[in-house]
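Residue numbers (this note's numbering): 11 to 218.
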């Protein structure tokens, strides 16, 4: 940005909170949206009235979110709270730059974030295409698949909701999302309330 009174060029960083919607619906007939970064660029003069916009671009940093679990920690709740806070400043694993971002700004961003060339990606179009899911809630039934109601394992229902009795008869394999996740919650709740249960152990796999 260039200051109006003396022409000095300065750089400004506008952080967009995750709590804000990525897409803003425009008033008027029809269904039209604009990204929040486009809205910021359009009204940047109101945010910085003493400056003129020279160039602008968006970027997104993706950080390593793995958490190493210390099973012997005395207070697991406090340990995980601390680990989640540290995760916000985890190692940078991907830096996505908006196509057309001035090379000077791109170089500055890479240097400030300590991002090597191997993790930098220039994206055509807007960043974070996964955010398009925010528009699924719009009332456009013709563009949606019919709603699906997952089934609950019948054998557990036949045992009056007793997961242990149903499993003792035969192992049960649950396929999500075709079968309800409520069965997992019911199983954990029953295990937590059963005085004969010594421990609950699970193996969690994360994908994506």
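Beta carbons are placed, not taken as given, at the ideal position from N, Cα and C, and that holds for glycine.
- So, are the CB atoms of residue 107 and residue 140 less than 8 angstroms apart? no
- Hey, could you find the ends of the alpha helix (DSSP H) residue 113 is sitting in? 113–123
- Query: Around the C-beta of residue 71, are 16 or more other C-beta atoms found within 10 angstroms, so that it is buried, or is it exposed?
  - Reply: exposed
- Expressed to the nearest angstrom, what Euclidean distance is found between the alpha-carbon atoms of residue 73 and residue 45? 23 angstroms
- Which class does residue 33 belong to by DSSP, given the choice of helix, strand or coil? strand
- Task: Mind checking which residues open and close the alpha helix (DSSP H) that includes residue 190?
- Result: Counting along the chain, residue 190 falls outside any alpha helix (DSSP H), and DSSP gives it neither H nor E.
- Residue of 154, 144, 129, 111 minimising C-alpha distance to residue 135: 111
- Assess, as a yes-or-no matter, whether the region 123–133 is touched by the region 143–157 under the definition of 3 or more beta carbon pairs within less than 8 angstroms. no
- Message: Rounded to the nearest angstrom, what separates residue 130 and residue 53 at their Cα positions?
- Response: 28 angstroms
- Query: In three-state terms, what does DSSP make of residue 106?
  - Reply: strand
- Item | Backbone secondary structure at residue 177 - three-state DSSP | helix
- Query: What's the call for residue 62, buried or exposed, on a 16-neighbour Cβ count within 10 Å?
  - Reply: exposed
- Is it the case that the Cβ atoms of residue 58 and residue 105 are separated by a distance below 8 angstroms? no
- Using the C-alpha atoms, what's the distance from residue 38 back to residue 47? 21 angstroms
- Query: Is it right to say residue 32 is buried, meaning 16 or more other beta carbons lie within 10 angstroms of its own, or is it exposed?
  - Reply: buried
- Out of curiosity, what's the CA-to-CA distance linking residue 24 and residue 92? 27 angstroms
- Under 8 angstroms between C-beta atoms of residue 163 and residue 193: yes
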